[in-house]
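Asks:
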Amino acid sequence: MIVMKFGGTSVGVPEHFRVAVRLVAQELDQDPVVVVSALSGVTNMLVDFCREPSSRRSLTERLIDRHMSHARAVGVDPGCLSALLDQWRSSSAALTAWGAPLSGDDRDRVLSYGERLSVQLFAAGLRGRGVDAVALVAGDAGFITDARFGAAHPLPETSAELRRNLGKRPPLPVVTGFLGRTQDGHVTTLGRGGSDVSAAVIGAALGAEEIQIWTDTSGLLTADPEIVSEARPVPMLSFAEASELAYFGAKVLHPKSLLPAMEREIPVRVLNTARPSDPGSIITASGAPAEGTWSVKSIASKKGVTAITIASTRMLMAYGFLAKVFEVFGRHHVIVDLVTTSEVSISVTVDDSSHLDKLIAELEAIGRVEVRHDLAVIAVVGEGAPQQVGLAGHVFTLLGGVGIGIEMISQGASRVNLSFVVREEDADRAVRLLHRGLGLDAISEAATAGSVR
Ligand code: ADP
Ligand code: ASP
Ligand code: MG
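By the count of the working numbering, the sequence shown reaches residue 488 at its end, each step adding exactly one.
1) In whole angstroms, what is the alpha-carbon distance linking residue 50 and residue 420?
2) Output yes or no for whether 9 Å exceeds the beta carbon distance between residue 146 and residue 187.
3) Run through DSSP, which three-state label would residue 41 get?
4) Mapping the DSSP letters down to three states, classify residue 332 as helix, strand or coil.
5) Restricting to Cα atoms, I'd like to know which of 460, 37, 471, 477 is closest to residue 234.
6) Express the C-alpha separation of residue 52 and residue 245 in angstroms, rounding to a whole number.
7) Should the region 190-202 be called in touch with the region 149-168, which here means at least 3 C-beta pairs below 8 Å?
8) Going by Cα to Cα distance, which pick from 306, 341, 285, 322 is closest to residue 315?
9) Here's the rule I'm using: 16 or more other beta-carbon atoms within 10 Å means buried, otherwise exposed. How should residue 242 be labelled?
10) Counting pairs of beta carbons, one from the region 452-469 and one from the region 405-420, are three or more of them closer than 8 Å?
11) I'd like to confirm the pairing. Which residues does DSSP put opposite residue 454 in its beta bridges?
12) Extract the residue ranges of the beta strand (DSSP E) inside the region 55-130, only unbroken runs of 3 or more that lie entirely within it.
13) Opposite residue 223 in the DSSP bridges: which residues?
14) For residue 357, count neighbouring Cβ atoms within 10 angstroms of its own Cβ and tell me buried if that reaches 16, exposed if not.
15) Among 329, 309, 257, which one has its Cα closest to the Cα of residue 335?
16) Looking at the strands, I want to know which residues DSSP matches up with residue 246.
17) Just tell me which of 189, 238, 236, 237 has its CA closest to the CA of residue 216.
18) Please report the distance separating the alpha-carbon of residue 202 from that of residue 237.
19) How long is the line joining the alpha carbons of residue 135 and residue 199, rounded to whole angstroms?
20) Among 440, 239, 177, 268, which residue has its Cα nearest to the Cα of residue 220?
21) Whole angstroms are fine: how far does the CA of residue 164 sit from the CA of residue 299?
22) To the nearest angstrom, how far is the alpha carbon of residue 308 from that of residue 248?
23) With DSSP as the reference, please indicate the residues paired to residue 7 in a beta bridge.
24) Who are the near neighbours of residue 461 in its chain, counting only those whose CB is closer than 6 Å to its CB and skipping five residues on each side?
25) Please report the straight-line C-alpha distance between residue 321 and residue 408, rounded to a whole angstrom.
26) So, using beta-carbon positions, are residue 346 and residue 402 closer together than 9 Å?
27) Collect the residues with a C-beta less than 5 Å away from any heavy atom of ligand 4 and give them in sequence order along the chain.
28) Restricting to Cα atoms, I'd like to know which of 213, 171, 231, 185 is closest to residue 206.
29) Below 9 Å between beta carbons: does that hold for residue 392 and residue 372?
30) What residue from 348, 405, 98 has the CA that sits closest to residue 76's CA?
31) Counting only beta-carbon separations shorter than 9 Å, does residue 300 have a partner in chain B?
32) Can you determine whether any heavy atom of ligand 2 sits closer than 8 Å to the C-beta of residue 78, and answer yes or no?
33) Suppose only complete runs of 4+ residues qualify. What are the alpha helix (DSSP H) ranges in the region 344-404, listed by chain order?
34) Is residue 451 near ligand 1 - that is, is its Cβ less than 8 Å away from at least one heavy atom of it?
35) Shortest alpha-carbon distance to residue 81 belongs to which of 71, 68, 96, 69?
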């Protein structure tokens, strides 16, 4: 069997929605399980609904109109949404009257409406084509998570539950992405962009032959297309390469979506709903060597990064300094991305600077602390790239040539990622310069021209 996941950009545009339904109907012999996201923009609307009590009345109507008009545009009877929209009207009326911002389980219950509505539309679309399909909320299909609302993790029993509930077909299951359920029945969300994780967890549980991520680009590209307009699909990547890219900003895949596939060695294919015959990218255990002079396949970047440097005020060669520093980060649940150390100081980057005050106060008891905001991490990714002779020199010469300063470098810790920190305002310019300077536009264009899915 295969998993076919359609993102918000696929299901939220009427032409693409119709293509998506057709693609599933064409793959029935592959025994697909379909995973869908909310229509594009809908989760953002629901986030605003939670945050701003005064906008609730108008957002409620916009949400209803969006789904009703989408149903009509794709030729689905809007009646398939009636029961859910009634439920939404009454709970949103109560929340509007209540008037306070929502968090925790209340917020996740509101956010769940996006996916719950879109599976109804997609299953109805398939039935309209004569396919016996059923809409399922992930929790009801056995997607059980911990109770970390907003960032829930599937529990180990999820795999067996999903096998039990999704193993027998028909009807073809159309399952909500992004959602789970706690053991005591509260709906949870997996974090923004989490439908990719849903697809991977379901694919791994069912032993899928392939997990297909259908989106609005023809694969994982050589750079973010919003930064580099000439970015091209990378035909083949390894799990390690794709994980680094996802982690450092390639939004097309959620960073947590690769691990379940990697553990079961299930290929992940990234495909374009608007151009379904494009070959896309395939991500496997082995990947393939990069095609050009440099062992680089793609460049990702992550903005909004903060660097914290802690200099030891004690004598040189004091042991336990690093251990003390990391213990503080661990206790405050702050995730560290890049680390560089010298004899007397350590610099780390973090990408969430919202709750750093207490952490910094504690670090100040260990050493002198300096905090720099408005930075960006740039990740130059490819198997063997960090070890390739001359690559680092070439990268930093290119950047130095246009006056882009490097704040921190991390090289050699991984086999696939040369990463460094620049000022946020220089990040896009740096990515564009390296994309050209490492020859990525030329290489991937040639590779794409030669391959057919
Ligand atoms: P979906 O709705 O299908 O989940 P997303 O918006 O989550 O789609 O992800 C697709 C978007 O990711 C693309 O439109 C693109 O703007 C962005 N993106 C960033 N980096 C990359 C990359 N390296 N390759 C492909 N897309 C990327
Ligand atoms: N709808 C959710 C979001 O917008 C999940 C997803 O699209 O993957 O974050
Ligand atoms: Mg996404």
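The C-beta atom is built at its ideal place from N, Cα and C for all residues, glycine as well.
Replies: Looking at the atomic coordinates:
1) 40 Å
2) no
3) strand
4) In the structure shown, residue 332 sits in coil (DSSP, three-state: anything other than H, G, I, E or B).
5) Comparing Cα positions, the closest option is 37.
6) The alpha-carbon separation between residue 245 and residue 52 amounts to approximately 21 Å.
7) no
8) 306
9) exposed
10) yes
11) 414, 445
12) 68-71
13) Beta bridge pairing from DSSP links residue 223 with 215.
14) Its Cβ having fewer than 16 others within 10 Å, residue 357 is exposed.
15) Nearest to residue 335 by C-alpha distance, out of 329, 309, 257, is 257.
16) The partner list for residue 246 (beta bridge, DSSP) reads 38, 303.
17) 189
18) 11 Å
19) Whole-angstrom Cα-Cα distance: 40 Å.
20) 177
21) 33 Å
22) 9 Å
23) This structure cannot speak to residue 7, because the chain is shown only from 36 to 488.
24) 439
25) 37 Å
26) yes
27) As for ligand 4, it is missing from this structure, which binds only ligand 1, ligand 2 and ligand 3.
28) 171
29) Taking 9 Å as the Cβ cut-off, residue 392 and residue 372 do not qualify as a contacting pair.
30) When only C-alpha atoms are compared, the closest one is 98.
31) Any reference to chain B falls outside this structure, which holds one protein chain only.
32) yes
33) 356-366, 392-398
34) Checking the Cβ of residue 451 against ligand 1 gives no.
35) Nearest to residue 81 by C-alpha distance, out of 71, 68, 96, 69, is 96.
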